[in-house]
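Written as structure tokens, this is what we have:
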């Protein structure tokens with residue numbers, strides 16, 4: 200029980216330190232960059248997942264599943280648009 204209390208105290212101190220650091224302009228900029236980077240990683244992962252789904256649907260024949268194929272294409276385009284809007288180099292399936 201004392202160990203758990205100690206961990207909670209440590210976590211509270213760590214949290215307070217992060218809040219304090221986020222108020223410093225240089226550190227705040229780093230947090231923003233880290234958030235942007237994490238967001239781009241999520242976009243890239245989503246894009247890779249959609250690429251894989253696109254290949255699978257292609258293997259099943261797009262003509263047999265046109266609605267699914269169109270839906271995947273729609274999401275791929277939305278992600279590419281978001282990447283372009285962010286100024287990042289768009290993901291390619293190569």
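In the numbering used here, the protein residues as written are 200 to 293.
We put the CB at the ideal spot given by N, CA and C, even for glycine.
- Query: How about the segment 272-285 and the segment 232-252: do they share at least three Cβ pairs that are nearer than 8 angstroms?
  - Reply: Result yes; three or more Cβ-Cβ pairs closer than 8 angstroms.
- Alpha-carbon to alpha-carbon, residue 276 and residue 293: Here residue 293 scores only 46 on pLDDT, less than 50, and its place in the model is too uncertain to base an answer on.
- Message: Quick check on residue 235: buried or exposed, where buried means 16 or more other Cβ atoms within 10 Å of its Cβ?
- Response: That one is exposed.
- May I have the straight-line CA-CA distance separating residue 212 from residue 274, to the nearest angstrom? One Cα belongs to residue 212, the other to residue 274, and the distance between them is close to 42 angstroms.
- Message: For a minimum of 4 consecutive residues, which ranges assigned as the alpha helix (DSSP H) are wholly contained in the segment 205-264?
- Response: Entirely contained in the segment 205-264, the alpha helix (DSSP H) runs reaching 4 residues are, in chain order, 224-259.
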